[in-house]
Amino acid sequence: MHLTQLRIYPVKSFAGLDVVSAEVLPWGLAGDRRWGVIDANGVPVTAREVNAMLGLSAEPLADGDLLLSGGAGDPLRVDVPTDAPAIAVGFSRQGTALAAGDEADDWLSARLGASVRLVWQPDPRARTVNPNNGGLPGERLTLADAGPLLLTSEASLTQLDAWTDDATPPLDMRRFRPNVVVDGDTPFAEEQWTHVELGGVSFRVASHCDRCVMTTIDPDTLTRGKEPIKTLARHRRRDGKTWFGVRLVPLTTGTISVGDAASAR
Numbered sequence: 001m002h003l004t005q006l007r008i009y010p011v012k013s014f015a016g017l018d019v020v021s022a023e024v025l026p027w028g029l030a031g032d033r034r035w036g037v038i039d040a041n042g043v044p045v046t047a048r049e050v051n052a053m054l055g056l057s058a059e060p061l062a063d064g065d066l067l068l069s070g071g072a073g074d075p076l077r078v079d080v081p082t083d084a085p086a087i088a089v090g091f092s093r094q095g096t097a098l099a100a101g102d103e104a105d106d107w108l109s110a111r112l113g114a115s116v117r118l119v120w121q122p123d124p125r126a127r128t129v130n131p132n133n134g135g136l137p138g139e140r141l142t143l144a145d146a147g148p149l150l151l152t153s154e155a156s157l158t159q160l161d162a163w164t165d166d167a168t169p170p171l172d173m174r175r176f177r178p179n180v181v182v183d184g185d186t187p188f189a190e191e192q193w194t195h196v197e198l199g200g201v202s203f204r205v206a207s208h209c210d211r212c213v214m215t216t217i218d219p220d221t222l223t224r225g226k227e228p229i230k231t232l233a234r235h236r237r238r239d240g241k242t243w244f245g246v247r248l249v250p251l252t253t254g255t256i257s258v259g260d261a262a263s264a265r
């Protein structure tokens, strides 16, 4: 088994960015979901409500700044707001974040058609992994919903495609927003794992991932459909939810790369 894809999501709910290698930190991959979008009241805004967010991209730059792109108009370089005031945000277990500034807010608001703000999480050590999602004491988290990393497998996606009707095109793995993808040969074997090793870095499987409406948004057209929730509900439904992928918590740190050997137990 090998690691076949690595993706980070510099801004929560934006399109992902494929990378060849990534540094694993205690709270996830470097550059992953340290930025988020909120409304005027501090409530998080995600692609679940605003599909257009998936049409925007963000790239971490070598100096730590962020390059926003997508939609009409020029890209925007955003400085990390290390000296900005802390403002109240509604991300669970994250009381405040730092404001990116008016220029970034205006850029985003113009593209999303609503008044929004861009914020940055200064210290992931301040946010814990929810015990309801398998978190243990001392485990930390970025602005990701429920776990430091999400792992999916190509074997599971192949099985899901086989379950869908013939009129449904093959599903794109981007719908599931994984950080790491492995090949493997047994569909949904990942749900039996307790530990994973990728390129010499060790992870604990914290929980299985229940899937939301965001998976029904086509990552290219940004239109909503019924898949994959329709098929998952027929074959992968339990406890009133549908399931695909597992959440990982790093046990060690290091660098992982596409092509690295993957093992599990």
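In terms of full-length UniProt numbering, the sequence shown opens at residue 1 and continues consecutively.
Cβ coordinates follow ideal geometry from the N, Cα and C atoms, glycine included.
Here the structure is a predicted model, which is why all the values come from computation and not from measurement.
| field | L112 versus L222: straight-line alpha-carbon distance, rounded | value | In the sequence shown, residue 112 corresponds to position 112, counting from 1. In the sequence shown, residue 222 corresponds to position 222, counting from 1. Between the alpha carbons of L112 and L222 lies a gap of roughly 13 Å.
| Cβ distance (whole Å) where P152 is taken to contact R33 below 8 Å | Walking along the sequence shown from the start, residue 152 turns up at place 152. Walking along the sequence shown from the start, residue 33 turns up at place 33. Reading the sequence as shown, one finds Thr at residue 152 and not Pro. Not quite, the Cβ-Cβ distance comes to about 17 Å (not below 8 Å), so this is no contact.
| query | Can you pull the DSSP bridge partners for K241? | reply | Reading the sequence shown from its first residue, position 241 is the one you call residue 241. In the DSSP output, where bridge partners are listed per residue, K241 has R238.
| What is the DSSP secondary structure of V129, counted as helix, strand or coil? | Here residue 129 is taken as the residue at index 129 of the sequence shown, counted from 1. For V129, the secondary structure class from DSSP, reduced to helix, strand or coil, is coil.
| request: Go ahead and pull the three-state DSSP assignment for A155. | output: On the sequence shown, residue 155 is found 155 positions in, with the first residue counted as 1. A155: helix per DSSP, three-state reduction.
| What distance in whole Å lies between the Cβ atoms of M1 and A262, which are believed to be in contact at a cut-off of 8 Å? | Position 262 of the sequence shown, counted from the start, is the residue given in the question as residue 262. Position 1 of the sequence shown, counted from the start, is the residue given in the question as residue 1. Rounded, the Cβ-Cβ distance is 4 Å, consistent with contact.
| When L248, D166, K226 and G95 are compared against F203, the one with the closest alpha-carbon | If you number the sequence shown from 1, residue 203 lands on position 203. Comparing C-alpha distances from F203 to each of L248, D166, K226 and G95 shows the shortest one belongs to L248.
| said: Using a Cβ-Cβ cutoff of less than 8 Å, which residues in the same chain neighbour D65 once the five nearest sequence positions on both sides are dropped? | reply: Translated into positions along the sequence shown, residue 65 becomes position 65. Excluding residues within five positions, the ones whose Cβ falls inside 8 Å are R77, V78, D79 and V80.
| request: Measure the Cβ-Cβ separation of D39 and V116 and say whether it is below 8 Å. | output: Taking the first residue of the sequence shown as 1, we reach residue 39 at position 39. Taking the first residue of the sequence shown as 1, we reach residue 116 at position 116. Yes, these two residues count as a Cβ contact at 8 Å.
| task | Starting from the Cα of A84, find the closest Cα among V181, I229, P75 and A99 and give me that residue. | result | Here residue 84 corresponds to residue number 84 of the sequence shown, with the count starting at 1. The candidate whose alpha carbon is nearest that of A84 is A99.
| Hey, would you say G138 sits closer than 8 Å to F91, going by beta carbons? | Here residue 138 refers to the residue found at position 138 when the sequence shown is read from its first residue. Here residue 91 refers to the residue found at position 91 when the sequence shown is read from its first residue. No, the pair does not count as a contact, with Cβ atoms beyond the cut-off.
| Going by C-alpha distance, which of V45, A162, R211 and D106 is nearest S13? | Taking the first residue of the sequence shown as 1, we reach residue 13 at position 13. If we check each option's Cα against that of S13, V45 comes out closest.
| said: As an exercise, report each continuous alpha helix (DSSP H) stretch of at least 4 residues that is fully enclosed by the UniProt domain "MOSC" (116 to 265), in chain order. | reply: If we require 4 residues or more, the alpha helix (DSSP H) runs fully inside the UniProt domain "MOSC" (116 to 265) come out as 154 to 163 and 229 to 235.
| said: If contact is defined by three or more beta carbon pairs under 8 Å, each pair taking one atom from either stretch, is the segment 56 to 65 in contact with the segment 211 to 219? | reply: Proximity of the segment 211 to 219 to the segment 56 to 65 falls short of the contact definition, fewer than three beta-carbon pairs being nearer than 8 Å.
| task | Taking the CB atoms as reference points, tell me whether D210 and T164 lie closer together than 8 Å. | result | As a working note, residue 210 is residue 210 in the sequence shown. As a working note, residue 164 is residue 164 in the sequence shown. For D210 and T164, no; Cβs fall outside 8 Å.
| task | Give the C-beta separation of V181 and M173 to the nearest angstrom, bearing in mind that I take them to be a contact with Cβ-Cβ under 8 Å. | result | In the sequence shown, residue 181 corresponds to position 181, counting from 1. In the sequence shown, residue 173 corresponds to position 173, counting from 1. Correct: roughly 6 Å between the Cβ atoms.
| task | State yes or no: is the C-beta of V20 within less than 8 Å of the C-beta of V246? | result | Counting from 1 along the sequence shown, the entry for residue 20 is found at position 20. Counting from 1 along the sequence shown, the entry for residue 246 is found at position 246. Not in contact: V20 and V246 (Cβ atoms no closer than 8 Å).
| query | Between the C-alpha atoms of G200 and D102, what's the straight-line distance to the nearest angstrom? | reply | On the sequence shown, position 200 is the one that residue 200 refers to. On the sequence shown, position 102 is the one that residue 102 refers to. Taking the straight line from one Cα to the other gives about 43 Å.
| task | Please classify I87: is it buried, with 16 or more other beta-carbons within 10 angstroms of its beta-carbon, or exposed? | result | Position 87 of the sequence shown holds residue 87. By the neighbour-count criterion, in which a residue is buried when 16 or more other Cβ atoms sit within 10 angstroms of its Cβ, I87 is exposed.
| query | If you draw a straight line from the C-alpha of G135 to the C-alpha of A146, how long is it? | reply | Taking the sequence shown and counting its residues from 1, one reaches residue 135 at position 135. Taking the sequence shown and counting its residues from 1, one reaches residue 146 at position 146. The alpha-carbon atoms of G135 and A146 are separated by roughly 9 Å.
| task | For T231, I'd like the list of residues in its chain whose CB is within less than 7 Å of its CB, leaving aside the five on either flank, ordered along the chain. | result | Mapped onto the sequence shown, residue 231 falls at position 231. Counting only Cβ-Cβ distances below 7 Å, and skipping sequence neighbours, we find L160, W163 and T164.
| field | Identity of the residue in A104, Q94 and S156 nearest V129 by Cα | value | Start at 1 with the first residue of the sequence shown, and residue 129 comes out as number 129. Comparing C-alpha distances from V129 to each of A104, Q94 and S156 shows the shortest one belongs to Q94.
| field | Residues bridged to R7 [DSSP beta-bridge criterion] | value | Taking the sequence shown and counting its residues from 1, one reaches residue 7 at position 7. DSSP output for R7 lists D18 as bridge partner(s).
| How would you call D18, buried or exposed, if buried means at least 16 neighbouring beta carbons within 10 angstroms? | The count along the sequence shown starts at 1 and reaches residue 18 at position 18. Result: exposed.
| task | Please name the residue or residues paired with R33 in a DSSP beta bridge. | result | Your numbering for residue 33 matches position 33 in the sequence shown. Partner(s): none; R33 has no beta bridge.
| Three-state secondary structure (DSSP) of A40 | Stepping through the sequence shown from its first residue, residue 40 is reached at position 40. In this structure, A40 counts as coil in the three-state DSSP scheme.
| For D239, is the classification buried or exposed, using 16 other Cβ atoms within 10 angstroms of its Cβ as the cut-off for buried? | Sequence index remark: in the sequence shown, residue 239 carries index 239 (1-based). Exposed.
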